[in-house]
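Heads up: the structure comes next, in structure tokens.
Protein chains in written order, with this note's numbering: chain H, 12 to 122; chain D, 196 to 309.
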């Protein structure tokens with residue numbers, strides 16, 4: 012079993028929809044949680060970075076962490092076609108910043 | 196501020212050959228991490244360099260090796276290439292090596308092994 016699980020999708024939604032992306036993890040040593048967006052044939056781009064359980068909001072994006080359930084989410088409000096990409100969750104342990112990634116969820120927002 | 200750059204963009208090699216990939220870190224960043232991303236999968240950590248020394252390694256064989264230079268740029272070397280080494284190789288730099296330092300990724304080098 013992988014340390015970080017993520018539904019690969021693809022997830023197809025109409026423009027303007029609220030998107031929910033999720034990851035579960037098995038190792039309670041993970042303390043820092045990130046969401047990256049990756050367009051085709053590009054490197055990952057950091058979207059959100061969180062530490063504690065709870066919500067963090069940045070524009071149309073909200074990251075949610077529930078450490079007790081080992082579950083993290085990314086919500087995208089008013090989704091746009093330009094949001095079409097692969098979304099990767101990532102996390103690291105207390106020591107060092109070697110990231111462990113989920114497999115990515117491919118999102119398609121249709122006009 | 197210059198972001199993370201990688202070269203070459205694409206590379207085709209044959210099985211058994213050796214390859215060197217290069218990465219220039221973002222200005223002011225002293226930590227570089229390398230990741231391998233197979234098609235349709237998330238990146239997997241290869242190793243990290245901090246101030247020219249290896250600072251952690253993932254589950255990759257010794258034929259994957261690296262270097263970091265005094266200007267904090269870095270190289271990834273892979274010997275005895277195998278077909279499964281075909282992937283996107285990503286370099287990420289961060290301000291420091293602590294766990295609360297964000298990592299910024301380059302565009303990657305796409306390696307194809309035939």
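Heads up, the beta-carbon is just placed ideally off N, CA and C, and yes, glycines get one too.
| Item | Value |
| --- | --- |
| Cβ contact check for the stretch 210-218 of chain D and the stretch 252-272 of chain D: 3 or more pairs under 8 Å | yes |
| Beta-carbon proximity check, residue 222(D) vs residue 243(D), cutoff 7 Å | no |
| Below-7 Å beta-carbon distance, residue 254(D) vs any chain H residue | no |
| Member of 114(H), 55(H), 119(H) whose CA lies at the smallest distance from the CA of residue 92(H) | 119(H) |
| Reduced DSSP secondary structure (H/G/I, E/B, other) of residue 25(H) | strand |
| Proximity test, Cβ basis, 7 Å: residue 13(H) and chain D | no |
| Three-state secondary structure assigned by DSSP to residue 77(H) | strand |
| Three CB pairs or more closer than 8 Å across the stretch 26-33 of chain H and the stretch 72-91 of chain H | yes |
| Sequence-distant residues of its chain with Cβ nearer than 7 Å to residue 59(H) (five each side left out) | 45, 46, 67, 69, 72, 74, 85 |
| Members of the stretch 51-77 of chain H that neighbour chain D once the beta carbon cut-off is set at 9 Å | 52, 53, 54, 55, 56, 57, 60, 62 |
| Residues that residue 227(D) bridges to, as DSSP identifies them | 244(D), 288(D) |
| Nonlocal neighbours in the same chain, by C-beta distance under 7 Å from residue 211(D), ignoring five residues either side | 275, 276 |
| Residue 198(D) at chain H interface by Cβ criterion, 7 Å | no |
| Residues of the stretch 279-293 of chain D whose Cβ lies closer than 9 Å to any Cβ of chain H, in chain order | 283, 285, 286, 287, 289, 291, 292, 293 |
| Neighbouring residues, chain D, relative to residue 33(H) (Cβ below 7 Å) | In chain order: nothing, as chain D lies at least about 14 Å away. |
| Environment of residue 296(D) [buried if 16+ CB atoms lie within 10 Å] | buried |
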